[in-house]
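Protein chains in written order, with this note's numbering: chain A, 88 to 303; chain B, 88 to 303; chain C, 88 to 303; chain D, 88 to 303. Heads up: the structure comes next, in structure tokens.
There are 4 protein chains.
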Amino acid sequence: MTLFERLKNDNQSIWSAYIQHEFVQQLGSGVLPERCFHHYLGQDYLFLIHFARAYALAAYKSETLADIRQATAGLSAIIDLEMGLHVQFCASWGLTEADMEALPEADETIAYTRFVLEKGNAGDLLDLHVALAPCIIGYAEIGNILAASNNANAYASWIEMYASDEYQDVAAAAILQLDRLFEYRAGEGRYAVLSKTFAQATQLEVSFWQMALNPA
Amino acid sequence: MTLFERLKNDNQSIWSAYIQHEFVQQLGSGVLPERCFHHYLGQDYLFLIHFARAYALAAYKSETLADIRQATAGLSAIIDLEMGLHVQFCASWGLTEADMEALPEADETIAYTRFVLEKGNAGDLLDLHVALAPCIIGYAEIGNILAASNNANAYASWIEMYASDEYQDVAAAAILQLDRLFEYRAGEGRYAVLSKTFAQATQLEVSFWQMALNPA
Amino acid sequence: MTLFERLKNDNQSIWSAYIQHEFVQQLGSGVLPERCFHHYLGQDYLFLIHFARAYALAAYKSETLADIRQATAGLSAIIDLEMGLHVQFCASWGLTEADMEALPEADETIAYTRFVLEKGNAGDLLDLHVALAPCIIGYAEIGNILAASNNANAYASWIEMYASDEYQDVAAAAILQLDRLFEYRAGEGRYAVLSKTFAQATQLEVSFWQMALNPA
Amino acid sequence: MTLFERLKNDNQSIWSAYIQHEFVQQLGSGVLPERCFHHYLGQDYLFLIHFARAYALAAYKSETLADIRQATAGLSAIIDLEMGLHVQFCASWGLTEADMEALPEADETIAYTRFVLEKGNAGDLLDLHVALAPCIIGYAEIGNILAASNNANAYASWIEMYASDEYQDVAAAAILQLDRLFEYRAGEGRYAVLSKTFAQATQLEVSFWQMALNPA
Numbered sequence: 088m089t090l091f092e093r094l095k096n097d098n099q100s101i102w103s104a105y106i107q108h109e110f111v112q113q114l115g116s117g118v119l120p121e122r123c124f125h126h127y128l129g130q131d132y133l134f135l136i137h138f139a140r141a142y143a144l145a146a147y148k149s150e151t152l153a154d155i156r157q158a159t160a161g162l163s164a165i166i167d168l169e170m171g172l173h174v175q176f177c178a179s180w181g182l183t184e185a186d187m188e189a190l191p192e193a194d195e196t197i198a199y200t201r202f203v204l205e206k207g208n209a210g211d212l213l214d215l216h217v218a219l220a221p222c223i224i225g226y227a228e229i230g231n232i233l234a235a236s237n238n239a240n241a242y243a244s245w246i247e248m249y250a251s252d253e254y255q256d257v258a259a260a261a262i263l264q265l266d267r268l269f270e271y272r273a274g275e276g277r278y279a280v281l282s283k284t285f286a287q288a289t290q291l292e293v294s295f296w297q298m299a300l301n302p303a
Numbered sequence: 088m089t090l091f092e093r094l095k096n097d098n099q100s101i102w103s104a105y106i107q108h109e110f111v112q113q114l115g116s117g118v119l120p121e122r123c124f125h126h127y128l129g130q131d132y133l134f135l136i137h138f139a140r141a142y143a144l145a146a147y148k149s150e151t152l153a154d155i156r157q158a159t160a161g162l163s164a165i166i167d168l169e170m171g172l173h174v175q176f177c178a179s180w181g182l183t184e185a186d187m188e189a190l191p192e193a194d195e196t197i198a199y200t201r202f203v204l205e206k207g208n209a210g211d212l213l214d215l216h217v218a219l220a221p222c223i224i225g226y227a228e229i230g231n232i233l234a235a236s237n238n239a240n241a242y243a244s245w246i247e248m249y250a251s252d253e254y255q256d257v258a259a260a261a262i263l264q265l266d267r268l269f270e271y272r273a274g275e276g277r278y279a280v281l282s283k284t285f286a287q288a289t290q291l292e293v294s295f296w297q298m299a300l301n302p303a
Numbered sequence: 088m089t090l091f092e093r094l095k096n097d098n099q100s101i102w103s104a105y106i107q108h109e110f111v112q113q114l115g116s117g118v119l120p121e122r123c124f125h126h127y128l129g130q131d132y133l134f135l136i137h138f139a140r141a142y143a144l145a146a147y148k149s150e151t152l153a154d155i156r157q158a159t160a161g162l163s164a165i166i167d168l169e170m171g172l173h174v175q176f177c178a179s180w181g182l183t184e185a186d187m188e189a190l191p192e193a194d195e196t197i198a199y200t201r202f203v204l205e206k207g208n209a210g211d212l213l214d215l216h217v218a219l220a221p222c223i224i225g226y227a228e229i230g231n232i233l234a235a236s237n238n239a240n241a242y243a244s245w246i247e248m249y250a251s252d253e254y255q256d257v258a259a260a261a262i263l264q265l266d267r268l269f270e271y272r273a274g275e276g277r278y279a280v281l282s283k284t285f286a287q288a289t290q291l292e293v294s295f296w297q298m299a300l301n302p303a
Numbered sequence: 088m089t090l091f092e093r094l095k096n097d098n099q100s101i102w103s104a105y106i107q108h109e110f111v112q113q114l115g116s117g118v119l120p121e122r123c124f125h126h127y128l129g130q131d132y133l134f135l136i137h138f139a140r141a142y143a144l145a146a147y148k149s150e151t152l153a154d155i156r157q158a159t160a161g162l163s164a165i166i167d168l169e170m171g172l173h174v175q176f177c178a179s180w181g182l183t184e185a186d187m188e189a190l191p192e193a194d195e196t197i198a199y200t201r202f203v204l205e206k207g208n209a210g211d212l213l214d215l216h217v218a219l220a221p222c223i224i225g226y227a228e229i230g231n232i233l234a235a236s237n238n239a240n241a242y243a244s245w246i247e248m249y250a251s252d253e254y255q256d257v258a259a260a261a262i263l264q265l266d267r268l269f270e271y272r273a274g275e276g277r278y279a280v281l282s283k284t285f286a287q288a289t290q291l292e293v294s295f296w297q298m299a300l301n302p303a
């Protein structure tokens, strides 16, 4: 069993609340009101800026050139690929990248992003990656589930991106990296703290969906 | 005009929402339900653990021995004095310090504390102190206002602590330090970013009061 | 006058000791013993790993997407271009990249790299970039001087890299960025501390050349 | 066997070079020239400022209130006790605390202090404490050895401080904390990296003694 599976199994209830959140289900069925998706995408754009910073922090905190390279690849993927989809969607609504960068951050956006970054600063590379896992790996899981049942809808390109081989590979690499980091940075005595970090991060993802479902 | 007054003036609306929040007014008049105060105190205890860490971060980020000493004094004040009041209140409700340390953190507690700590990590000592200011200096302002109008109520010892000369001196020193740090670390070109930090931190304080008023 | 020129003018003596160091002159004239260059290149490889981490730290500490992108470009340039030259040289001596990564770090390598990284952690993006400046911009200056007087020698490809338009553009961008960061992060009151950082970083570069000239 | 004993055993050669350094032996026998001790004390004062910052960083990086309290006690001990001895010595030579704070830092002072702080920033509380261990625990060992053989000399008060029960208790607590942190943060897979950190930190201590023995 991978570390990720273990973390997920030990936090099943909150994990399900995240993966099967009402926002996700409406997005999959296509009934999600556009203003909710619009709100989500704006906040997610701000979110990704801080996630890019989290990958940069991972590169800084790396002890080997291999880990620096992997984190840099993740950083570039966010800046070049993932944000590209947002920019493309937003352009179709008449929003520029600068408009999005200037949006006020919702409390929920602040909560999750700063939790991750602060966990990374206070702890080590493993703490940082465990805090990032619900996002990186969870989105791959969501993408997979929605793609399997999806009848093409307005949100198909979002679903396709996270269901794509490219993104699935990123998530698979993240799962492997967690195991590798646990092996050379941690031991059984650290599991409880990591599981708490995972649960808190997942809870903050749930709150992020909830915020997206209820635009102010 | 001090930097703090300028920040407050430029963010009057959110500052008033914080200082005159319903939670504060009910606390002052004594009508606040005990379970709200109880909930607040538990979350504030977790909050203070991270605020102690923020002062420790300030000591680390100091460039002079004088700044190290001032931050260490702040750190000791939180650990020894401010948390003491919480422990005393909680003991009267049959809660131990360990019980409080084990409480689940509310999203709102995470949001403000990690925002402050992350701002401090990403920026310098001035960024950190501007993020801390709504808490440190705002509580002194609230203590003063409530003490002026207070007819002794169940929350009198809370009000007295923040209205005390000792706490008022801490807030006055924080105001001076902001001016000193601005003088030797910043310039006019930096004001806009600092004002945004101040506004975000104050908004997160408002959300913290709101959470306290609505225990789950 | 740019901030960089001002820093250089106010620290002329140590700056000259760095730019005109015996190691640099022997490298330019080609009389530098190969074992010195070999030793230098090995330590510089370790140095670059930490410099890549410094650019990652800069990306983390950025407040705008534009700054994140600029730092990421710098990070990629080190990993992909600058280290490539080292790998190429070392391959010609029968050294692999893994051999180099496993070399023991000289005290002088530790001193400069950790000084820069720690300055960046304790301070803000400007502190970090001022600590990086003697390296980034100084190497461009050295490359220029040596290229102007160079009769092709064994070290020509090293000189060419730092004299190349590509590297000169990196240095020119760094000079502009220092001015921009000073404008929006600092003011005159901060200059003295920045000048001290610049002087210390340059002194540590001098010690690095000296170490390279005297392999153990 | 404690983690500290294991680290020491696996790095015996460099550990002996540190504990039995010529500077230490001359200090013990009293033949150390006063200008060497004077030089040492000035640099050690700067060193302690950064060590105070390292304890502050440890408080920030703590996950429990107990660890925050222990780090804060260490921070206060440096500021209030250990630096007090330096101030007292220096006063007898006509040097003020401000004079010492303004001394230029030697490369060797920069190297060790920034190595420790950067290791702490990049890694977690255990990485930080392993980097601090040669200093904290090594000084207790040196104090013990010198006190056992000491015929009262000019440096007796220095020796007495590090041989005192108070300082020995600090070192004993540090040894226990290493074991506790290893238990709940690490595992066998991490030992090699920790041992390398320990070896590098000890090497930097050797260089610090050497610098003290050879005042510029």
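Ideal Cβ positions, reconstructed from N, Cα and C, are used throughout, including at glycine. As the structure is a computational prediction, the values presented were derived from the model and not from experiment.
Cutoff 6 Å; reference residue i; Cβ partners in own chain excluding five residues on either side
i: residue 157 of chain A; result: none
i: residue 114 of chain B; result: 242
i: residue 172 of chain D; result: 248
i: residue 192 of chain A; result: 133
i: residue 95 of chain B; result: 102
i: residue 198 of chain C; result: 291
i: residue 119 of chain B; result: 113
Supposed close pair residue i, residue j - CB separation, criterion 8 Å
i: residue 227 of chain A; j: residue 249 of chain A; result: 6 Å
i: residue 111 of chain D; j: residue 245 of chain D; result: Going by Cβ atoms, the distance from residue 111 of chain D to residue 245 of chain D rounds to 11 Å, so no, they are not a contact pair.
i: residue 105 of chain C; j: residue 292 of chain C; result: 5 Å
i: residue 151 of chain B; j: residue 162 of chain D; result: That belief does not hold up - the Cβ atoms of residue 151 of chain B and residue 162 of chain D are roughly 15 Å apart, past 8 Å.
i: residue 137 of chain C; j: residue 200 of chain C; result: 4 Å
i: residue 272 of chain D; j: residue 277 of chain A; result: 6 Å
i: residue 133 of chain B; j: residue 190 of chain B; result: 6 Å
i: residue 285 of chain C; j: residue 98 of chain C; result: 6 Å
i: residue 217 of chain B; j: residue 281 of chain B; result: 5 Å
i: residue 91 of chain B; j: residue 220 of chain B; result: 6 Å
Start-to-end residues for the alpha helix (DSSP H) that takes in residue i
i: residue 149 of chain B; result: Unbroken run through residue 149 of chain B: none, as it is neither H nor E.
i: residue 96 of chain D; result: 90–96
i: residue 114 of chain A; result: 109–116
i: residue 81 of chain D; result: Because chain D in this structure spans residues 88 to 303, residue 81 of chain D falls outside the shown range and cannot be described.
i: residue 172 of chain A; result: 170–179
i: residue 239 of chain C; result: That residue, residue 239 of chain C, is in no alpha helix (DSSP H); it is neither H nor E in DSSP.
i: residue 104 of chain C; result: 99–106
Same chain, Cβ closer than 8 Å to residue i, neighbours up to 5 away in sequence not counted
i: residue 195 of chain A; result: 130, 291, 294, 295, 297 and 298
i: residue 236 of chain D; result: 115
i: residue 224 of chain B; result: 91, 258, 261 and 262
Beta-carbon proximity list for residue i, same chain, < 7 Å, skipping 5 on both sides
i: residue 166 of chain B; result: 139
i: residue 143 of chain D; result: 162
i: residue 164 of chain A; result: 257
### Task
With 9 Å as the C-beta to C-beta threshold (strictly closer), list the residues of the stretch 193–206 of chain A near chain B in chain order.
Of all residues in the stretch 193–206 of chain A, 194, 195, 197, 198, 199, 200, 201, 202, 203, 204, 205 and 206 have a Cβ within less than 9 Å of some Cβ in chain B.
### Query
Between the stretch 152–178 of chain C and chain D, which residues of the former have CB atoms less than 9 Å from a CB of the latter, in chain order?
When CB distances to chain D are screened at a threshold of 9 Å, not a single residue of the stretch 152–178 of chain C falls below it.
### Query
Where are the alpha helix (DSSP H) runs, 4 residues long or more, that stay fully inside the stretch 183–233 of chain A, in chain order?
The alpha helix (DSSP H) runs lying completely inside the stretch 183–233 of chain A and spanning 4 residues or more are 184–188 and 194–209, given in chain order.
### Query
Quick one: complete beta strand (DSSP E) runs, 3+ long, within the stretch 249–290 of chain B?
Unbroken beta strand (DSSP E) runs of no fewer than 3 residues, entirely contained in the stretch 249–290 of chain B, are not found.
### Task
Below 9 Å between beta carbons is the criterion; list the residues of the stretch 132–146 of chain B that meet it against any residue of chain D, in chain order.
The stretch 132–146 of chain B vs chain D, Cβ under 9 Å: 136, 139, 140, 141, 142, 143, 144, 145 and 146.
### Task
Could you list the residues in the stretch 207–231 of chain D with a C-beta less than 7 Å from some C-beta on chain C, going in chain order?
Answer set for the stretch 207–231 of chain D: 208.
### Query
Of all the residues that make up the stretch 93–127 of chain D, which are near chain C by a beta-carbon distance shorter than 8 Å?
In summary, no residue of the stretch 93–127 of chain D has a CB separated from any CB of chain C by less than 8 Å.
### Task
Output, in sequence order along the chain, the residues in the stretch 242–274 of chain B whose CB is closer than 8 Å to any CB in chain D.
Within the stretch 242–274 of chain B, no residue qualifies.
#### Entry: Short-range partners of chain B found in the stretch 279–300 of chain C, where Cβ spacing is below 9 Å
Only those residues of the stretch 279–300 of chain C whose C-beta falls short of 9 Å from the nearest C-beta of chain B are listed: 279 and 280.
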